[in-house]
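What follows is a short report on a single structure.
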Amino acid sequence: MPRSVISGSGRISGPDKQGRQSVTAPPGGGDKLAIKHRPDGQCPPSPGFHLAFAAPSRQAVDQFYAAAIAQGGSDNGRPGLRPHYGEHYYAAFVMDPDGYALEAVFNSAE
Numbered sequence: 001m002p003r004s005v006i007s008g009s010g011r012i013s014g015p016d017k018q019g020r021q022s023v024t025a026p027p028g029g030g031d032k033l034a035i036k037h038r039p040d041g042q043c044p045p046s047p048g049f050h051l052a053f054a055a056p057s058r059q060a061v062d063q064f065y066a067a068a069i070a071q072g073g074s075d076n077g078r079p080g081l082r083p084h085y086g087e088h089y090y091a092a093f094v095m096d097p098d099g100y101a102l103e104a105v106f107n108s109a110e
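Sequential numbering from 1 applies to the sequence shown in the UniProt record's numbering.
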């Protein structure tokens with residue numbers, strides 16, 4: 001199962017009877033995101049896989065970045081404004097330990 005930083009903010013379950021594991025977020029039920037990993041390898045994410053999360057604030061983007069780096073992620077774009085994506089597009093980019101690109105973005109005036 002990929003070791004991405006989402007596991008620090010969500011809930012990991014499994015393996016179930018079919019050997020599947022999943023990561024869901026936010027923790028505590030009412031999942032808004034579920035990532036399932038099939039043991040048979042039929043649908044692995046391909047190179048270049050990029051997953052972006054909408055953050056509730058710039059501070060949350062900063063916290064995402066710090067947590068990702070602390071958990072073994074590598075920098076792929078420090079927190080900051082990205083005016084080429086939009087006037088208020090504030091984002092951070094990391095590569096998780098398995099090589100997947102993760103982004104947290106807050107796209108609103110503060």
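Yeah, the Cβ is synthetic: ideal placement off N, Cα and C, and Gly gets one too.
query                                                                                                         : result
Val94 classed as buried or exposed, judged by whether at least 16 other C-beta atoms fall within 10 angstroms : buried
Assigned secondary structure, Met1 (DSSP; H/G/I helix, E/B strand, else coil)                                 : In this predicted model, Met1 has a pLDDT of only 39, less than 50, meaning its place in the structure is not dependable enough to derive any value.
Close beta carbons around Asp62, own chain, < 8 Å, minus the five adjacent residues each side                 : Pro79, Ala92
Whether Ala109 touches Ala55 by CB criterion (8 Å)                                                            : no
Three-way DSSP call (helix, strand, coil) for Asp62 in this model                                             : helix
Identity of the residue in Ala70, Asn107, Ser57, Phe64 nearest Gly86 by Cα                                    : Asn107
Helix, strand or coil at Ala67 according to DSSP, with G and I counted as helix                               : helix
Residue from Asp96, Leu102, His84, Ala101 with nearest C-alpha to Gln71                                       : Asp96
Assigned exposure category for Gly73 - 16 Cβ within 10 Å defines buried                                       : buried
Same chain only: Cβ atoms within 8 Å of Ala101, ignoring 5 sequence neighbours per side                       : Gly48, Phe49, His50, Leu51, Asn76, Phe93, Val94, Met95
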